[in-house]
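**Student:** With the first letter of the sequence shown counted as 1, position 77 gets the number 76 in numbering that gives the first Met the number 0; the numbers rise by one all the way through. Ideal Cβ positions, reconstructed from N, Cα and C, are used throughout, including at glycine. A quick note: this is a predicted structure, and the numbers were derived from the prediction, not measured.
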Amino acid sequence: MNNKKKHYIQFISITLGALILSYGLSQLPTRYFSTSHFWIPTIFFALSAIGINAFLTKENQDPKEFVFKTLAISMARLLVCMIFVLVYSLINKPQALAFTCHFMVQYLVFTIYEISSLLKFIKQTK
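(1) Beta-carbon within less than 7 Å of P93's beta-carbon, same chain only, minus the 5 sequence neighbours each way: which residues are those?
(2) For the alpha helix (DSSP H) containing H6, name the first residue and the last one.
(3) What whole-angstrom Cβ distance do Q105 and T41 have, given they're in contact under 8 Å?
(4) In three-state DSSP terms, what is S115?
(5) Between the C-alpha atoms of T99 and F32, what's the straight-line distance to the nearest angstrom?
(6) Evaluate T127 with the Cβ neighbour count: other Cβ atoms within 10 Å of its Cβ, from every protein chain shown; 16 or more gives buried, anything less gives exposed.
(7) When the distance is taken between beta carbons, is L107 closer than 8 Å to T69?
(8) Roughly how many whole angstroms lie between the Cα atoms of I39 and H6?
(9) Just to check my reading of the structure: F109 and A48 have Cβ atoms closer than 8 Å, yes? What is that Cβ distance to the nearest angstrom?
(10) Count the other CB atoms, across all protein chains shown, that sit within 10 Å of the CB of F67; report buried if there are 16 or more and exposed otherwise.
(11) Between the alpha carbons of T34 and A97, how many angstroms are there, rounded?
(12) For A95 versus Y87, is the C-beta spacing smaller than 8 Å?
Have a look at this one:
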């Protein structure tokens, strides 16, 4: 199977799994996860993962440049995530805690996925 095709199948599986996890958590009768906007963090991280992966896995990159870009994108993504949660919290205060908890769960899931896929990419280029 083609590596890109395998990667996209894995990405879709992770995204659907994260969405199902978020939906399941939203059904818990607790203020930490009970929200109707459980899907927003999944869409946010799926789109950002596609963009980051496309940007970092371009051909013919210098290894030093790859490390710098990876660190810079990680810091920029964390900043954008904090701004996104802050804006949502200001707009929808009653569900801010539950949304933030979903956001953190999705952040962990997609960060683990991105790190593992970037490690696989580095091993393939060597």
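**Tutor:** Taking the coordinates as given:
(1) Against the sequence shown, residue 93 aligns to sequence position 94. Excluding residues within five positions, none has a Cβ falling inside 7 Å.
(2) As a first step, residue 6 is located in the sequence shown; it is residue number 7 there, counting from the start. First-last of the alpha helix (DSSP H) with H6: 2-25.
(3) Numbered from its first residue, the sequence shown carries residue 105 at position 106. Numbered from its first residue, the sequence shown carries residue 41 at position 42. Yes, they are in contact, since the Cβ atoms of Q105 and T41 sit about 6 Å apart, within 8 Å.
(4) The residue labelled residue 115 in the question sits at position 116 within the sequence shown. Here S115 sits in helix by DSSP.
(5) Here residue 99 corresponds to residue number 100 of the sequence shown, with the count starting at 1. Here residue 32 corresponds to residue number 33 of the sequence shown, with the count starting at 1. Roughly 9 Å between the two C-alpha positions.
(6) A query on residue 127 cannot be resolved here, the shown segment of the chain reaching from 0 to 125 and no further.
(7) Your numbering for residue 69 matches position 70 in the sequence shown. Your numbering for residue 107 matches position 108 in the sequence shown. Against a cut-off of 8 Å, the Cβ pair of L107 and T69 comes out as no contact.
(8) Looking up residue 39 in the sequence shown gives position 40. Looking up residue 6 in the sequence shown gives position 7. If you take the alpha carbons of I39 and H6, they lie about 23 Å apart.
(9) For this step, residue 109 is matched to residue 110 along the sequence shown. For this step, residue 48 is matched to residue 49 along the sequence shown. That belief holds up - the Cβ atoms of F109 and A48 are roughly 5 Å apart, short of 8 Å.
(10) By one-based count along the sequence shown, residue 67 stands at place 68. Exposed, since its Cβ has fewer than 16 Cβ neighbours within 10 Å.
(11) Stepping through the sequence shown from its first residue, residue 34 is reached at position 35. Stepping through the sequence shown from its first residue, residue 97 is reached at position 98. Looking at the two C-alpha atoms, the distance is approximately 6 Å.
(12) Reading the sequence shown from its first residue, position 96 is the one you call residue 95. Reading the sequence shown from its first residue, position 88 is the one you call residue 87. Yes. Within cutoff.
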